[in-house]
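Worksheet: the structure to be examined is printed underneath.
There are 2 protein chains.
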Amino acid sequence: MTTIQDVARLANVSVSSVSNVLNGRVDRMRKDTFIRVEEAISKLNYRPSHAARQLKTGRIPILGLLVPTAANPSFGQLAVAMENFAQERYGYRVLLCNTYRDKQLESRMLDDLIDFGVRAVVVVSSLSDERHIEAAIDRGLAVISFDLPVEPDALIRNDHVLADNRLAGRLAAQHLIEHGHKRLAFLTPRGQTMSRRHKVEGFLAAVNDAGAGVSAQVIESKTASKFGDSELGALGFESAEQILLMKNRPTGVATVNDMTAIGLMAGIRHLGLSVPDDVSIVGIDDLSISAYIWPPLTSVSMPVTEMAQKMVDRAIQHINTPGLAAKEIIFAPQLVNRQSVAIPPATSKPIQGTDIPRS
Amino acid sequence: MTTIQDVARLANVSVSSVSNVLNGRVDRMRKDTFIRVEEAISKLNYRPSHAARQLKTGRIPILGLLVPTAANPSFGQLAVAMENFAQERYGYRVLLCNTYRDKQLESRMLDDLIDFGVRAVVVVSSLSDERHIEAAIDRGLAVISFDLPVEPDALIRNDHVLADNRLAGRLAAQHLIEHGHKRLAFLTPRGQTMSRRHKVEGFLAAVNDAGAGVSAQVIESKTASKFGDSELGALGFESAEQILLMKNRPTGVATVNDMTAIGLMAGIRHLGLSVPDDVSIVGIDDLSISAYIWPPLTSVSMPVTEMAQKMVDRAIQHINTPGLAAKEIIFAPQLVNRQSVAIPPATSKPIQGTDIPRS
DNA sequence: TTGAAAGCGCTAACAT
DNA sequence: ATGTTAGCGCTTTCAA
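Protein chains in written order, with full-length UniProt numbering: chain A, 1 to 359; chain B, 1 to 359.
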């Protein structure tokens, strides 16, 4: 392994000059010194040791990212966007950890990251309770909460970056209403998070704005989900019957995310009805897969890439500016119109029992 | 920050005793010494610095993982499985990098990882050419190639862990044949990788074994894919017309992976036909989402979790045993029967032009 | 403009 | 059984 010493020797300068070159303090030396050092570096193919540097400076060019699970493509997408930008813009890498929304695991991971010298972390938890994060903040970690709204008037100790979930819910409702739907529903997993709550609120507010002709119900899945795609899909699937059997069956349903919408659509078809002819569906997330399922899912899209970049920016700022004030940063979602929404059906088709074989 | 010195002072021992405790060399000291040290550690809430340790030992408890993109759920799943096992079993973390199958990026990431002190890396590249990896191996990195078959009689310098792709192709074909299909097809993106080639070979071999009554064609998508789910979905979608317009339209189609199958199903429906009534589909991968789309996708499942664990085991072994001989390790896939395969239709329904509105 | 040297926190060889 | 100590490769103050 070649060290800074080797470079210094070859270039006939002291290690401090090499160090200065490494750290961009080029003004402090003659041009030819700089050139000799550069040459030596490239001739030896020298690469500085992060470990040694970190031992001195206390920092390592790594950002932490805690997600419920990378197997869920929406978090995978976030990870990719962050990794890209962090690397390109700042030369930082991203250490990805799967928390399964387990608080204990989460705390342990945070501690671990600190031990590695990581100074800033993005946490996607959606748990409304952030107490377990406080400890990490106390230890000097810069934490950025993703998709976790700030309680009104709460004073925050760390950044919160999120999409306007109320607007997302509103957009979904408006789209259905514009297509003539009068009986709406919003499907969400049991186990509320702040962001889910906000989606519901926005959805209901839009319904309310639409006047007396339009009504809406909030449906909580019977089982709770913890994370992951399979569970959310299952949960949507299961809920189909519950929705289709309602006294006043809704003709338009929005869901808390795309995976649930995809499961719900499967469930509806399983019961012999069709989307969007019998029921219209709107998702929230706009997963890339949502364009390729059948029917292509109309969904509310979150600007994940921009959010990822903003979070990286803030993380680096916090590292470089200890004591930087915490901020809440909100992004606007947008509806992406595809084919899972149509005008409501004239009549309400009965469902087929699940034990009746489909033709 | 509390250091090993602080612990030594509080416990009234030397730093080496603390270090010994830290590294499990407990036999070398009296019990009460050990206890005093333990107490001091927990009282001070002491956590050793990875950086300092790494500087001394040259190692850091991190494994590298290079995937085309974490936004593709099959790689996300792999990452989760590895991360879990590496952490639980060995206390290692996983540093995830997205390569986009770009060789240059890949080499740079490998170099980067080495700079961080990472000693073992799992590479999911599927590029048949591994020359760019050689350099990293020369620098002492233990590389484990995932899903990259070894050429017959090639001498390998690094581990290769993969599923039996020929068997996967064979399983897909057999399943269709068992359901009475006589005209089969295998859909793969343009741009062959070794693993895709093997799937095709296995598929054709099974068709061949079935005798004269059964025929098969290999269909390459018109456009090439580089990675990611959206592209693979698009690619399946586009290929639907090509397949349905064939002179001897196949009644059963297998695809190189689930995302392509999902896109293909969407494309088929877009053209007015139905799965599995008009065309049966088998995927390969068994993504968790595949159970929740409509119809639930019959797919060949790869034992991702086991493979992930084996790779972690091997990675650690290589770290602990420099010079350990390279191995090719192959896992068996399994067919998961769902609802995208039925008996072939009696007649071949014509497709609807894409500009004819569906009812 | 350059160099010498201390020391970041730890491990491990060596001494006691 | 325990302690002393020399570095690992780098940054950074201070001196020249």
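Just so it is clear, CB atoms sit at the ideal spot from N, CA and C, and this is done for glycine as well.
Fair warning: this is a prediction, and the values are worked out from it, not measured in the lab.
Problem set entry | Exposed unless 16 or more other CB atoms sit within 10 angstroms - verdict on A/Arg358 | Interpretation of A/Arg358 is limited by its pLDDT of 34, a score under 50 that renders its predicted location unreliable; the figure taken from the coordinates is listed afterwards. Exposed.
For this session: Taking A/Leu271 and A/Ile351 to be in contact with their CB atoms under 8 angstroms, please state how far apart those CB atoms are, rounded to whole angstroms.
Result: 4 angstroms
Exercise. So the beta strand (DSSP E) B/Gly64 belongs to, where does it begin and stop?
Worked result: 62-67
Exercise. In the stretch 88-103 of chain A, which residues sit with their C-beta less than 8 angstroms from some C-beta in chain B, listed in chain order?
Worked result: Arg93, Val94, Leu95, Leu96, Cys97, Asn98
Exercise. Based on the DSSP output, what are the partners of A/Leu297 in its beta bridges?
Worked result: Paired residues: none, contrary to the question.
Problem set entry | Per-residue burial, B/Asp153 [other beta carbons within 10 Å of its own, 16 or more giving buried] | exposed
Problem set entry | Beta-bridge partners of A/Asn98, as assigned by DSSP | A/Val67
For this session: Verify the contact flag: A/Asp209, CB atom, against every heavy atom of the ligand MG, threshold strictly below 7 angstroms.
Result: The model on display carries no ligand, and the ligand MG is accordingly not part of it.
Exercise. In chain order, what residues of the same chain have a beta carbon less than 8 angstroms from the beta carbon of A/Gln5, not counting five sequence neighbours either side?
Worked result: Val15
Problem set entry | Within 8 angstroms, strictly: CB atoms of A/Val275 and A/Met265 | yes
Problem set entry | Proximal residues of chain B, C-beta to C-beta of A/Gln352 below 7 angstroms | Simply none; closest approach about 14 angstroms.
Exercise. Given a threshold of 16 other Cβ atoms within 10 Å of its Cβ, counted over all protein chains shown, does A/Arg93 qualify as buried or as exposed?
Worked result: buried
Exercise. In terms of residue numbering, what span does the alpha helix (DSSP H) encompassing B/Thr260 cover?
Worked result: 258-270
Problem set entry | For B/Ile351, the three-state DSSP class (helix, strand or coil) | coil
Problem set entry | 8 angstroms contact criterion, which A/Ile281 and B/Tyr292 should meet: CB distance rounded | That belief does not hold up - the Cβ atoms of A/Ile281 and B/Tyr292 are roughly 13 angstroms apart, past 8 angstroms.
Problem set entry | A/Asp147, buried or exposed, once every other Cβ within 10 Å from all chains shown has been counted against 16 | buried
Exercise. With distances taken from CA atoms, which of B/Cys97, B/Lys199, B/Val304 is nearest B/Ala70?
Worked result: B/Cys97
Exercise. Looking at C-alpha atoms only, which residue of A/Thr57, A/Ile243, A/Gly58, A/Phe75 is the closest neighbour of A/Leu65?
Worked result: A/Phe75
Exercise. For A/His179, which of helix, strand or coil comes out of DSSP?
Worked result: coil
Exercise. Using the beta-carbon of each residue, which ones in chain B are nearer than 7 angstroms to A/Gln77?
Worked result: Ala71
Exercise. What does A/Ile262 reach in chain B if we use C-beta pairs closer than 8 angstroms?
Worked result: Ile289, Tyr292, Ile293
Problem set entry | Own chain residues within Cβ distance below 6 angstroms of B/Ala168, not counting five before or after | Lys199, Ile284, Val300, Pro333
For this session: Could you please give the first and the last residue of the uninterrupted alpha helix (DSSP H) stretch that includes A/Thr57?
Result: 50-57
Problem set entry | Which of helix, strand or coil DSSP assigns to B/Leu155 | coil
For this session: Assign B/Ser42 to one of two classes, buried (16 or more other C-beta atoms within 10 Å of its C-beta) or exposed (fewer than that).
Result: exposed
For this session: Indicate whether at least one CB of chain B lies closer than 8 angstroms to the CB of A/Arg47.
Result: yes
Exercise. Is the beta carbon of A/Gly267 less than 8 angstroms from the beta carbon of A/Ser239?
Worked result: yes
For this session: Give a yes or no on whether 8 angstroms exceeds the smallest Cβ distance from A/Arg230 to chain B.
Result: The sequence given here places Ser at residue 230 of chain A; Arg does not occur at that position. Closer than 8 angstroms to some Cβ of chain B, the Cβ of A/Ser230 qualifies, so yes.
For this session: Would you verify that the beta carbon of B/His132 is, or is not, closer than 8 angstroms to some beta carbon of chain A?
Result: no
Exercise. Which residues of chain B have a Cβ atom closer than 9 angstroms to the Cβ of A/Glu83, listed in chain order?
Worked result: Ala70, Leu96, Cys97, Asn98
Problem set entry | Below-8 angstroms beta-carbon distance, B/Ala212 vs any chain A residue | no
Problem set entry | Residue range of the unbroken beta strand (DSSP E) whose run includes A/Ser145 | 142-146
Exercise. Going by C-alpha distance, which of A/Glu241, A/Gly211, A/Val256, A/Leu232 is nearest A/Thr188?
Worked result: A/Val256
Exercise. Just the Cα atoms here: how many angstroms apart are B/Phe116 and A/Ser49?
Worked result: 7 angstroms
Exercise. Does any C-beta atom of chain B lie closer than 8 angstroms to the C-beta of A/Phe146?
Worked result: no
Exercise. Considering B/Asp286, what are the terminal residues of the alpha helix (DSSP H) in which it resides?
Worked result: Run containing B/Asp286: none; DSSP gives neither H nor E here.
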